[in-house]
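Those protein sequences? They're chains A and B, same order as listed.
Residue numbering for the first sequence is 1 to 486, as defined by the numbering used here.
Residue numbering for the second sequence is 1001 to 1486, as defined by the numbering used here.
Number of protein chains: 2
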Amino acid sequence: MWKESGRWNEFGPELLRFQDRHERAFCLGPTHEEVITDIARRELSSYRQLPVNYYQIQTKFRDEIRPRFGVMRSREFIMKDAYSFHIDEASLDAGYQRMRDAYTRIFERMGLKFRIVLADSGAIGGSRSEEFHVLADSGEDAIAYNDADHYAANLEMVPTRPGRSAPATEAMTEVATPGVRTIQELADFLAVEPSRCLKTLLVAGSEQPAVALLLRGDHELNPIKAAAQSAVASPLRMLRGAEVEAASGVPPGCVGPVGLDIPIIADHAAASMADFVCGSNRLDSHLRGVNFERDLAIPPSADLRNATAGDPSPEGGGPLSIARGIEVGHIFQLGTKYSESMGATVLNDTGTEQTLAMGCYGIGITRVVAAAIEQNHDERGIIWPASLAPFDVVLIPIKLSKSPRVQTAVEDLHNALTQQGIAVLLDDRDQRPGAMFADADLLGIPHRVVISQRGLDAGTLEYKGRSESDNQNLSESALLALLTAG
Amino acid sequence: MWKESGRWNEFGPELLRFQDRHERAFCLGPTHEEVITDIARRELSSYRQLPVNYYQIQTKFRDEIRPRFGVMRSREFIMKDAYSFHIDEASLDAGYQRMRDAYTRIFERMGLKFRIVLADSGAIGGSRSEEFHVLADSGEDAIAYNDADHYAANLEMVPTRPGRSAPATEAMTEVATPGVRTIQELADFLAVEPSRCLKTLLVAGSEQPAVALLLRGDHELNPIKAAAQSAVASPLRMLRGAEVEAASGVPPGCVGPVGLDIPIIADHAAASMADFVCGSNRLDSHLRGVNFERDLAIPPSADLRNATAGDPSPEGGGPLSIARGIEVGHIFQLGTKYSESMGATVLNDTGTEQTLAMGCYGIGITRVVAAAIEQNHDERGIIWPASLAPFDVVLIPIKLSKSPRVQTAVEDLHNALTQQGIAVLLDDRDQRPGAMFADADLLGIPHRVVISQRGLDAGTLEYKGRSESDNQNLSESALLALLTAG
């Protein structure tokens, strides 16, 4: 099936492939479009069966190059994946919107702060996709947004525009820069801003061995945008040391656009620079006061870089802000990518065979747990949102083994709460109170109740919410009211 | 960890091995003793923490040579696996017994007919193990049991005993048997019972290239018992065509013990045969009327075969019966097999380091579902035991789209049942009643309720249990009473 869809060759090294004992080729599913499309083409024959949604909650595998941060990026993880099939794009659009609404409600109920952002479809494919990101400073992804015009996108997706050029004011001169290699070293050595320096990156071309890409020194190359240029090989491949010298005749680390005899594409922002600093194509020197048109031909310009904070929003033009996010959901309009290649069709209402339109929708369940913790914790441990907490309340009896009265009281309370449908964790380890309090905070159970001889004498239980700092002494009925209200 | 425990080399081709993108060796867990022992050695430091049980419900993988029967024998399946750690064998014994009791209650609550049988520890290892088998004619495993003495074991585990020899009455003669190859062909050709024929099987020896094993023609070699003989190579390997000729000088298919110049071991039952038929070591002929001592030396005898129905029970000596079973659970006393090799120890009450005793306990969740169906079905489909049914009741409205009254009634009933905690499947497909009844039977939902205009006129609902043949007309309150009682 993976060969039918074409992804056996397209997917790249993240697809975990192996051979069984009979030396037959297998892979471990990183996502299940093929399997589900195969079910759909066998089960669906008429437009009357549409629209339909198939889903599962199940283990997925990806051969991550660098698994890290516990379950945040692991090779084995649990995913909820759903796949919808439709008679046409209009129905797909409506189904996609319903799933988007359902996902929104799911993450709202989880009590998570999140954003829906435009995304690249990557190895899954299709025409439109959006990601759900839990906002957290430790997030691996950068999100660009503007609250005024409601624009939000994965940073790698944000288009940037041509700027306005300033006039030339300096003469071009060559300056000695012994040992200077990086943009930061160059900016420091010449006491100019990195934004006044121009980087020249050599990448493999689609027809020629090399293409030079020009970027402002403070900007970051976007590999997806660069690979989308017809002159550039896709996927993007940076040339390494010896390849740079072979293609340009220039030692690596010295390359600049003046007199360079290979095709050049400038990022829009680089194309509007004036009086800039760049490599001289000679070791240990750079050029400064360089200007397009006067010192070198104006190269074609394109959108090659990641947006930065302050770049104009593509929707309204106001300045973009950047936040960090953790991707916990991703929804796609796949269109006919899989149904076409795998022949998943139904008869429509005129009796004609029609290729199914398809959507797919995933929630990274394992990662939701990690993201909830990244967003909700303090120096003492986890602070679970109520809907995600493994237990609602932790009961901590003091001197359990020495007081039959405490023992009876805690058992009675455990039963009373359980009967109300409250999930109770009873810490019956009989350790020091401090150790039990610290563990309760670490685990992040929303409510903590301490049962002690002294409290029982006073007819009260000692209550504290996980994110509160003070205890309250409550009667059992007041405690029950508090727990069942929340 | 798999190298530490030794199983990386021991496990054989069922262990699914592969390399990741960095060419590091990995395997997919077929069972998780190593991972859990690693957790135990890091988490457990004192006898005070014992006994303790770790468990998970999770996907397992085995590179089955021949996956078959749907989820009954598949390469990917869901297992509940638990691992217990103990200070000594006495505590392990008690914990094993408690888990055995819990498993018994679990399978009883599932409403399954099952047997607990003695089992081989196989690739998991350890000193004692028992399997839980759901009884079903289609079961892959054979179980030997005697109800009078309560003996029950996986057939491969049942020991067989030496028999009594009969005196020789016939003279040894060579008879022409052109084209005869198998025991059945031989028995038919000479008009004797297969039990009067002797098979000679050549297997690889531990020190010599070949060992000949003698079995009665109607008996089956047990590879585990045979490989346990010191002269036989372990694991057992049958010699193939050319190897047979090289080792014995005899064409394959003709080998017999008379005049054979390689070590011979006879199964106890073969050793007590008299006047038997066997290979002549020449093509197209056999010997008949052969007797030990007179025609060939008495070979050493051993238990090499599977027991058969009628063999004496090892417990009481009464005749064994054979049933077919599907293994759904397996419990093991592992002792120190893993904790020793992986260094899992705690300090005991005298402050001395002590190696943990370990048990492990598995339920094949995916297979339980298949086994329940094998045991509970008829020609119309599944008959779910109530505790395993995905829904308690299926509601079938007649002419749903044409009758607003039926629509209201079925929705009210759905809500009323759901509020009682009853799991309801509502067939709102509005198909022909016959098609909906057939699907309800196929799915095996325990209770079926039909809602029709005519029934509503009479104030009744049409009820039928899945394994009943007649309908009953019930009031809604009578229906509720029936469903909540069961």
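For glycine and all other residues, C-beta sits at the position ideal for the given N, C-alpha and C.
Under the DSSP assignment, A/Ala423 falls outside any beta strand (DSSP E); it carries neither an H nor an E label. With 16 or more other Cβ atoms from the protein chains shown falling within 10 Å of its own Cβ, A/Glu131 counts as buried. The DSSP-derived three-state label of B/Ile1087 is coil. Across the region 351–367 of chain A, no CB contact with chain B closer than 7 angstroms is found for any residue. Per DSSP, reduced to three states, the secondary structure at B/Ile1224 is helical.
Excluding sequence positions up to five before and after A/Leu186, its CB lies within less than 6 angstroms of the CB of Val180, Cys197, all in the same chain and listed in chain order. Beta-bridge annotation (DSSP): A/Glu34 is not paired with any residue. Contact annotation: A/Val394 and A/Ala357 have beta-carbon atoms that are not nearer than 7 angstroms. Under the Cβ distance rule, B/Asp1441 does not count among the residues neighbouring chain A, no pair being separated by less than 7 angstroms. Contact between the region 249–268 of chain A and the region 208–224 of chain A is present: 3 or more CB-CB pairs across the two stretches fall below 8 angstroms. Around the beta carbon of A/Leu413, a 10 Å sphere encloses 16 or more other beta carbons of the protein chains shown; the residue is thus reported as buried. The Cβ atoms of A/His286 and A/Thr177 sit closer than 7 angstroms to each other.
Setting aside the 5 residues that flank it on each side, B/Asp1430 is surrounded in the same chain by Leu1400, Ser1401, each with a C-beta closer than 7 angstroms to its C-beta; the list follows chain order.
Under a criterion of Cβ atoms nearer than 7 angstroms, the residues of chain A adjacent to B/Arg1021 are, in order, Pro13, Asp63, Ile65. By the Cβ-count criterion, A/Arg161 is exposed, with fewer than 16 other Cβ atoms from all chains shown falling within 10 Å of its own Cβ. At a Cβ-Cβ threshold of 7 angstroms, A/Ser5 and A/Met342 count as neighbours.
Annotation for B/Ile1143: the continuous beta strand (DSSP E) segment containing it runs 1141–1146.
One thing to note: A/Gly325 has its Cβ within 7 angstroms of the Cβ of A/Gly139. Using a CB distance cut-off of 7 angstroms, A/Phe85 does not count as an interface residue toward chain B.
Under the Cβ distance rule, B/Thr1484 does not count among the residues neighbouring chain A, no pair being separated by less than 7 angstroms.
For A/Thr59, the neighbours in chain B by C-beta distance under 7 angstroms run, in chain order, Thr1059. In this structure, the alpha-carbon of B/Gly1351 lies about 12 angstroms from that of B/Thr1345. A contact is defined here as three or more CB-CB pairs under 8 angstroms, and the region 1080–1094 of chain B fails this definition with respect to the region 1378–1395 of chain B. The residue from A/Thr484, A/Ile365, A/Ala119 with its alpha-carbon nearest to that of A/Leu417 is A/Thr484. The beta carbon of B/Glu1315 sits closer than 6 angstroms to those of Asp1149, Tyr1151, all from its chain and outside the five residues before and after it, given in chain order.
Annotation: the continuous alpha helix (DSSP H) that includes A/Gly241 extends over 241–248. By the Cβ rule, the region 166–177 of chain A does not count as touching the region 216–228 of chain A, because fewer than three pairs are nearer than 8 angstroms.
Taking C-beta atoms under 8 angstroms as the contact rule, A/Arg164 and A/His219 fail to qualify, at a distance of about 17 angstroms. Shortest Cα-Cα distance from A/Asp311 to any of A/Tyr145, A/Leu479, A/Phe11 involves A/Tyr145. Under the Cβ distance rule, B/Phe1189 does not count among the residues neighbouring chain A, no pair being separated by less than 7 angstroms. The beta carbon of B/Ala1231 sits closer than 8 angstroms to those of Gly1205, Ser1206, Glu1207, Gln1208, Val1211, Pro1263, Ile1265, all from its chain and outside the five residues before and after it, given in chain order. In the structure shown, B/Ile1373 adopts helical secondary structure according to DSSP, grouped into three states. Listed in chain order, the non-local C-beta contacts of B/Thr1200 below 7 angstroms within the same chain comprise Ala1212, Leu1214, Val1255, Gly1256, Pro1257, Cys1278, Gly1279, local neighbours out to five positions each way being set aside.
Contact between A/Asn154 and A/Ala191 does not hold, since the beta-carbon distance rounds to 36 angstroms and is not under 8 angstroms. With respect to the 7 angstroms criterion, B/Lys1464 and B/Arg1448 are classified as neighbours on the basis of their beta carbons. Straight-line measurement puts the Cα of A/Asp38 at about 29 angstroms from the Cα of A/Ile65.
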